[in-house]
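Q: My structure is below; once you've seen it, I'll send some questions.
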Amino acid sequence: MLKAYTQAVGNASRGLAAIATALLIAAMLVVCQMIMQRYVFRQATIWQTDFVVFSATAAMFLGAPYVLLKGGHVGIDVVEMLVGERTRYVLRILAGLLGLLFCVVMLIATWIQFHDAWAGNWKHSSVWAPPLWVPLAALPVSFAMLCLQYVAQILTLLTAPAVPEAIDPGAAEPGSAPGADRHPQEIIQ
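Residue 141 in UniProt numbering is what sits at position 141 of the sequence shown, and the numbering runs on without skipping anything.
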């Protein structure tokens, strides 16, 4: 059951990462188009700046669950290196719980903002004036996915005999990468 849950959450995180990648590519292409339109053809740009800002911001948030899946978030390794295995294990669970708490609070806050934008038909103040619920939708989606990813991480930590670096059920098999078949405590020493 846990393996199926972590696999499903991991696949959803990978899906959001693919969407984030597409959004970044689209933003990059629109920046190129905006430069051509503004400086080569000497025409005004209307929607491009808003699109780039909204796309890049959405990509950052939608890619966050994948980064958590891969264990790529910024951490303080010095503390982990100074403490024993049991303390390291407790610190990882505590960090997961604090991250989950933060994401739950942000999920509630961003859902309220998204709902207000949807219900109030909020528009951006630019000439293009896109409805704000569209770019704001990425926020509750990403924080909901981060919550699910943190739950998967915490449950895996609580049920696994060894403490994994990243919670990725699609990771390489043990022994396929340097140190992959060793416990984190062995790698540090």
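All C-beta atoms, glycine included, are put in the ideal place defined by N, C-alpha and C. Computed from a predicted structure; not experimentally measured.
Between which two residues does the alpha helix (DSSP H) harbouring V9 extend?
A: As a position in the sequence shown, residue 9 is number 9, starting the count at 1. Note, V9: alpha helix (DSSP H), L2 to I35.
Q: Check the DSSP bridge columns for K123 and list the partner residues they point to.
A: In the sequence shown, residue 123 corresponds to position 123, counting from 1. Paired residue(s): P131.
Q: Could you spell out the range, first to last residue, of the alpha helix (DSSP H) harbouring V79?
A: In the sequence shown, counting from the first residue as 1, residue 79 sits at position 79. Per DSSP, V79 belongs to the alpha helix (DSSP H) from D77 to L82.
Q: Looking only at its chain, what residues have a beta carbon closer than 6 Å to the beta carbon of E80, apart from the 5 residues adjacent to it on each side?
A: Counting from 1 along the sequence shown, the entry for residue 80 is found at position 80. For E80, where only same-chain residues beyond five positions count, the Cβ hits under 6 Å are R88.
Q: At the level of alpha carbons, what is the spacing between F51 and M106?
A: Locating residue 51 in the sequence shown gives position 51, counting from the first residue. Locating residue 106 in the sequence shown gives position 106, counting from the first residue. Between F51 and M106, the C-alpha separation is close to 24 Å.
Q: Can you round the beta-carbon distance between T110 and P140 to whole angstroms, since I take them to be within the 8 Å contact cut?
A: The residue labelled residue 110 in the question sits at position 110 within the sequence shown. The residue labelled residue 140 in the question sits at position 140 within the sequence shown. With a Cβ gap of about 5 Å, T110 and P140 count as contacting.
Q: What three-state label does DSSP hand G72 in the structure shown?
A: To locate residue 72, count along the sequence shown from 1; it is residue 72. In this structure, G72 counts as coil in the three-state DSSP scheme.
Q: What span of residues does the alpha helix (DSSP H) with I154 cover, start to end?
A: In the sequence shown, counting from the first residue as 1, residue 154 sits at position 154. Where I154 is concerned, the enclosing alpha helix (DSSP H) stretches over A138 to T159.
Q: Checking 8 Å against the spacing of the C-beta atoms, do L16 and M145 come in under that value?
A: Walking along the sequence shown from the start, residue 16 turns up at place 16. Walking along the sequence shown from the start, residue 145 turns up at place 145. The answer is yes: Cβ separation under 8 Å.
Q: Measure the C-alpha to C-alpha separation of E173 and K3 and round it to an integer number of angstroms.
A: Your numbering for residue 173 matches position 173 in the sequence shown. Your numbering for residue 3 matches position 3 in the sequence shown. Model confidence at E173 stands at a pLDDT of 49, short of 50, so the residue's coordinates are unreliable and nothing is read from them.
Q: Taking DSSP as the reference, what is the three-state secondary structure of I187?
A: Here the question's residue 187 lines up with position 187 in the sequence shown. Here the model assigns I187 a pLDDT of 42, short of 50, so the residue's position is not dependable, and the following value carries that caveat. If DSSP states are grouped into helix, strand and coil, I187 belongs with the helices.
Q: How long is the line joining the alpha carbons of D77 and A8, rounded to whole angstroms?
A: Taking the first residue of the sequence shown as 1, we reach residue 77 at position 77. Taking the first residue of the sequence shown as 1, we reach residue 8 at position 8. Looking at the two C-alpha atoms, the distance is approximately 29 Å.
Q: Can you list, in chain order, the residues of its chain whose CB lies under 8 Å from that of A12, leaving out five sequence neighbours each side?
A: Position 12 of the sequence shown, counted from the start, is the residue given in the question as residue 12. Hits under 8 Å: P65, M145 and L148.
Q: If the criterion is Cβ atoms closer than 8 Å, does the pair A59 and A18 meet it?
A: Along the sequence shown, read from residue 1 onward, the residue named residue 59 stands at position 59. Along the sequence shown, read from residue 1 onward, the residue named residue 18 stands at position 18. Result no, Cβ atoms of A59 and A18 do not sit closer than 8 Å.
Q: Could you tell me the distance, in whole angstroms, from the CA atom of P130 to the CA atom of H124?
A: Your numbering for residue 130 matches position 130 in the sequence shown. Your numbering for residue 124 matches position 124 in the sequence shown. Taking the straight line from one Cα to the other gives about 6 Å.
Q: State yes or no: is the C-beta of T6 within less than 8 Å of the C-beta of A152?
A: Along the sequence shown, one-based indexing puts residue 6 at 6. Along the sequence shown, one-based indexing puts residue 152 at 152. Against a cut-off of 8 Å, the Cβ pair of A152 and T6 comes out as a contact.
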